[in-house]
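First the structure, in the form of structure tokens, and then the observations on it.
Protein chains: 4
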Amino acid sequence: MGADHAKIIAEDLPGAQLQIVCDMDVARAQGLADRYGAVDVAIHPDSVIARDDVDAVIVASPDFTHTPLSLACIKAGKRVLCEKPLSQLPDECLAVMAAEQASGAKHVMLGFMRRYDQSYIEMKQALVGGTLGRALMMHNFHRNVETPAADFTGAMAITNSAPHEFDVVRHVLGTEYASITAFQPQRSDALVAPVIMVLETTDGHLVTIEINNNAAYGYDVRGELVGESGTIATNTVAYSRTDMKLSSSTRYETDWRGRYHAAYVRQNRDFQAFVETGKFPDIASDCWDGYCAATVAQAGVEALVSGMKTQVEMAPKPEFYA
Amino acid sequence: MGADHAKIIAEDLPGAQLQIVCDMDVARAQGLADRYGAVDVAIHPDSVIARDDVDAVIVASPDFTHTPLSLACIKAGKRVLCEKPLSQLPDECLAVMAAEQASGAKHVMLGFMRRYDQSYIEMKQALVGGTLGRALMMHNFHRNVETPAADFTGAMAITNSAPHEFDVVRHVLGTEYASITAFQPQRSDALVAPVIMVLETTDGHLVTIEINNNAAYGYDVRGELVGESGTIATNTVAYSRTDMKLSSSTRYETDWRGRYHAAYVRQNRDFQAFVETGKFPDIASDCWDGYCAATVAQAGVEALVSGMKTQVEMAPKPEFYA
Amino acid sequence: MGADHAKIIAEDLPGAQLQIVCDMDVARAQGLADRYGAVDVAIHPDSVIARDDVDAVIVASPDFTHTPLSLACIKAGKRVLCEKPLSQLPDECLAVMAAEQASGAKHVMLGFMRRYDQSYIEMKQALVGGTLGRALMMHNFHRNVETPAADFTGAMAITNSAPHEFDVVRHVLGTEYASITAFQPQRSDALVAPVIMVLETTDGHLVTIEINNNAAYGYDVRGELVGESGTIATNTVAYSRTDMKLSSSTRYETDWRGRYHAAYVRQNRDFQAFVETGKFPDIASDCWDGYCAATVAQAGVEALVSGMKTQVEMAPKPEFYA
Amino acid sequence: MGADHAKIIAEDLPGAQLQIVCDMDVARAQGLADRYGAVDVAIHPDSVIARDDVDAVIVASPDFTHTPLSLACIKAGKRVLCEKPLSQLPDECLAVMAAEQASGAKHVMLGFMRRYDQSYIEMKQALVGGTLGRALMMHNFHRNVETPAADFTGAMAITNSAPHEFDVVRHVLGTEYASITAFQPQRSDALVAPVIMVLETTDGHLVTIEINNNAAYGYDVRGELVGESGTIATNTVAYSRTDMKLSSSTRYETDWRGRYHAAYVRQNRDFQAFVETGKFPDIASDCWDGYCAATVAQAGVEALVSGMKTQVEMAPKPEFYA
Ligand SMILES: [Mg+2]
Ligand SMILES: [Mg+2]
Ligand SMILES: [Mg+2]
Ligand SMILES: [Mg+2]
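Here is the structure:
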């Protein structure tokens, strides 16, 4: 995602300058810098965060670095767009929240870009607009062609893939999770089987999530919000339809890049506005959202292991994140 | 179509008895008779029409026999469901009309089954219901996988395929044709190229019809009625959708049998009611409709040859067919 | 459904004769008999079943009568098409199975008409055909405009509505259920809330079922079979599409009658063939299927009450039903 | 469109600077300049074109100014993105072509943004890729909610609306027009009726175009390319689907802005690259394309008036535009 962010900064964010590309692989950093007009490259993120010619930071490094880098940005007083997760450990998320609160201002925006996807925007608008009646359920299907790694597990489906659903569902419904139950079917091969989760919210909604990391047929993310008087569902976007050989067909994307490109651009523009104005964007995810995603994912893994409905135990929400 | 009609009588028309199967090929007749429980077989249609144990006749023989067989049925006082066309010659149609009028009652129902297709029924209902506003245009696409014969011509597309559109459009719009213009693109092979027709009606509508007898990709019939305040289009019926190999697809039929099976059943039930009650069905095609289809087809062939807009010259409509 | 069956016999089953209409309300019985040409009416079903001029019976009476009437038919040696459920009590189903086995031949066909719906037929064909790979999951959504009665409960959603899904999923997947878990969201009014069930099969599939009896927006039944290499989903059948007021729309049915009319006709034709040949139809539901539906429904109610995953305990399958 | 271009420059074209906003209404110019960060405003375009701090020009002024402003840009050696039409008069287009050829390099890119729309891009790719076989026909429907002015005429539909189709069809098919025939149905009110055109190309394709400026129901542009072995059609893009009140629906746009926003951005980025590199973009429209659109539109108006098929007489294509 680092290269994608560099490209978006260079091509879609007039007024933003890709200043430094930081990567342990300096040749790769230089390649990106050359392609997208960065001023400099670096290996050590801490020194980058400290530089005077750096106003803001985008973190797209390995997951375990998200917390320390976010903390460093807060300490340096720099705004940071951190790819999800903030951390897979709720306690680490709480630590970032504590630092952020101590700093007196929000610094961290999380890369839950689904909130900026037009389908979910229309879904939330419909719910807020009232025509669907009160929300009852939200059904979610998240399907990838194949896992990035052969040793991907069901637990990783919950901690690495499902957080996009955990976050966008909370965002659309405006609620928190109370419990989670998890199920898995059996595959005939060694690939990771899908995970199906059923979540109850504190407002009495039901949420179902299918994570199918080896769906084979395409990259396909679907959601349906069921209200008391109607439903709204994401619609697969296709620009053309082909009729051939007794079949009428549209195409799926192979991964999330094409599907969510416009969402990434919107998100990053909102981050740019955050950097310029200091006002945290209305629909962006903050550290509390990152904490919630980590907490429900942790409960989800426990539920998968135990086979039991598992409560989602959350710290009280600080006024700071209200 | 004869076998299809025999099957429909046997399987979908309780109260009707397939009495006699008449075919020049007596073995084929006997096969159908055995399969669908007919009482007898015959070679000569005239003697069949005359039999006392025959109440009604379905004509699905070669086109050139439609007029003489219809005339024989009228003469014998038997109701007949005659496959389209009544004749390709308007004068022959007028002759049947004259005989029918002389007999004092309608005897001939034409097999323009599209009128009984649910899509067109909903289209006509929407127009009559008024929500679309006044009709402005109707667009029609009639596509077959391939022609029945290699020597099929553009003129045959107009005289043999287009009459289904000629009839159902008149039926839906409730109007007559004033002029027809015809065009053909060029194919890269020896197959018959599509024909595109533009028709003006006496009520100021425009009608476009594409006949594409070698569309290759599937059997596909589409229509769209454009009104002053909205449109209604036929929707391709599919019972399932398959997601495979980066594609989401539904299937086309290979020919009209599957696509219009329900329409044939409805049509033949209406014919049965006509036989039983003597009341000509509200939506069925009669000899006047057959005459209109033949007249516009004849003008269409002339238009194709001349490359000019051609007037559709019609005899006055007898009160009998009002 | 009794009137629907009478109509189907009269209009769609040549060779079948609606002999007697039996109803506690004799005026209603006479009305149906007159409309559909029945020979006689009756109040007491036992005497009807015993009559010599009755070859076969269709049971569409209140649910609690299904077991005794099926037993009476078995005893009388008459084939019976019994609307679902055979019974809501597994023990009653076992009793009918015992009687049927003692009689030496299958007599009871259950009215799980979904098996005859074109969408499910194509789904099963795709699975058997192998292109989807091994089945992993089946997702099901069953939505009614509103409940028949105001005092409808979540338990009734499981025992009265879900059996259609319980049966057709078993049929498509060719498996039995191992466990069931049930959830309910909260509504803002007094209407029954939806029920979501997650079932594990003995072959390692996962099945989700949403029963939403007050979905408000339309009668809408959906299913998706997810295989290891692709998916197949039911497609909503619509014959026309309307463009008006910035919207492109198709219509939903208001209830199951329109949606499943063709399935009922196919099912009843298969019953007619069963009566005529004595050969139990390949895809029809038998008493074992009725027992399975009752057993999983009972476990489902227990799961809804307890909030726990509940095992589906089944008697061994008799060789007779293999 | 001027404000839209200013917005795109400011928001979507990093590296481009909105330098001067030129408008006869200086207050409007100042408003745009303030909103999008322009350096200056002006009333007289000639002086703007001449300024040293102006590298390139976007012309979105009234149609009759397109030719003189394009000529001024060529004379000043500045690249210009000129909204369609270059001129409605073929002779004016030829004059611009002459000036451009005399200058030795292409200066003018025309704003036929449809070429940059993803649907048409996929259509052209499919045709070039060969899977559809040779192109036979292209059907086009261009529908607006309502005309901008009450006195809009059928001739204006051809000269002002249809050029988008004239251009994109030539672009997709890679051909020129040979003849055009035009038809109009009658409306029941004073609004301009739709125009239907049938065009033959020099390569034997047929093209149909419906321009319906008062379609009422939505902004809806459709196209279908029919090849010898299959077809590809534009698909209506919708991000969500709503189920309410027995209807399943998606939304139409109200005008072209939303529908073609991404196409405008792509087009203007290509213009930016043209300005920076001097290399005319592969898929952009040039003055020859503008001449072709004007010529066929002129023939189309003549065809509408005469009711006759009208030849499209074109000057020979200069090597310069090959
Ligand atoms: Mg993300
Ligand atoms: Mg016919
Ligand atoms: Mg049933
Ligand atoms: Mg334009």
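Protein chains in written order, with our numbering: chain L, 94 to 415; chain R, 94 to 415; chain H, 94 to 415; chain G, 94 to 415.
Even for Gly, the Cβ is constructed at its ideal location relative to N, Cα and C.
Between Ala126/R and Val134/R the beta-carbon gap is near 5 Å, inside 8 Å, which marks them as a contact. Residue Glu193/G holds the alpha-carbon nearest to the alpha-carbon of Ala165/G among Glu193/G, Leu182/G, Leu187/G and Pro178/G. For Ser340/R, no CB of chain G lies under 7 Å from its own CB, so it is not counted at the interface with that chain. Note on geometry: alpha-carbon atoms of Glu395/G and Asn237/L lie some 55 Å from one another. Residues of chain H with a Cβ closer than 8 Å to the Cβ of Tyr310/L are, in chain order, Ser322, Gly323 and Thr324. Excluding its 5 nearest sequence neighbours in each direction, His298/H has C-beta neighbours in its own chain below 8 Å: Ala228, Leu229, Met230, Met231, Leu266 and Thr268, listed in chain order. If you draw a straight line from the Cα of His159/R to the Cα of Leu174/R, it comes to about 10 Å. Look at the stretch 215-239 of chain G: the residues with a C-beta under 7 Å from a C-beta of chain L are Glu215, Met216, Ala219 and Thr224. Under a criterion of Cβ atoms nearer than 8 Å, the residues of chain R adjacent to Leu299/G are, in order, Phe276, Gln277, Pro278, Pro287 and Ile289. Taking 7 Å as the threshold, the shortest C-beta distance from Ser281/R to chain G falls below it. Rounded to the nearest angstrom, the Cβ distance from Arg208/H to Ile376/H is 5 Å, consistent with a contact under 8 Å. Less than 7 Å divides the Cβ of Phe364/G from the Cβ of Met202/G.
Residues of the stretch 342-355 of chain G with a C-beta less than 9 Å from any C-beta of chain L: Thr343, Arg344 and Ala355, listed in chain order.
One Cα belongs to Arg334/L, the other to Gly247/R, and the distance between them is close to 28 Å. Between Val119/L and Ile136/L, the gap from beta carbon to beta carbon is short of 7 Å.
Under a criterion of Cβ atoms nearer than 8 Å, no residue of chain L is adjacent to Glu176/H; the nearest Cβ is some 29 Å distant.
With a cutoff of 7 Å on beta-carbon distance, Asp260/L and Ser378/L are scored as near each other.
With respect to the 7 Å criterion, Gly383/H and Leu182/H are not classified as neighbours on the basis of their beta carbons. Chain H has a Cβ within less than 7 Å of the Cβ of Val330/R.
Per DSSP, reduced to three states, the secondary structure at His298/L is coil, with no helix or strand assignment.
In this structure, DSSP gives Tyr270/G an extended state, which the three-state scheme calls strand. Taken through DSSP and simplified to helix, strand or coil, Asn307/H comes out as coil. Contact between the stretch 327-342 of chain L and the stretch 316-325 of chain G is established, with three or more Cβ pairs separated by less than 8 Å.
Nearest neighbour of Glu185/L by Cα position, chosen from Ala415/L, Ala386/L, Met290/L and Met401/L, turns out to be Ala386/L. Comparing C-alpha distances from Val319/G to each of Ala188/G, Ala219/G and Leu162/G shows the shortest one belongs to Ala219/G. For Tyr312/G, DSSP records a beta bridge to Glu346/G.
With the criterion set as a beta carbon lying under 8 Å from some beta carbon of chain H, the stretch 363-376 of chain G has no members that meet it. Per DSSP, reduced to three states, the secondary structure at Ala326/L is strand. The C-alpha of Gly170/L lies about 46 Å from the C-alpha of Thr329/G. Annotation for Ala392/G: Ile273, Thr403 and Val405 place their beta carbon closer than 6 Å to its own, counting only its chain and skipping 5 residues before and after. For Ser212/G, same chain residues with a beta-carbon under 6 Å away, outside a window of 5 residues either side, are Thr327 in chain order.
Residues of chain L with a Cβ closer than 8 Å to the Cβ of Asp336/G are, in chain order, Gly323, Thr324, Ile325 and Ala326. About 6 Å separates the Cβ atoms of Tyr345/R and Tyr312/R, confirming a contact at the 8 Å cut-off. By the 16-neighbour rule on beta-carbons within 10 angstroms, Ser281/G is exposed. Here Ala283/G is exposed. Its C-beta has fewer than 16 other C-beta atoms within 10 Å.
Neighbourhood of Ala103/H in chain R, by CB distance below 7 Å: Pro107, in chain order.
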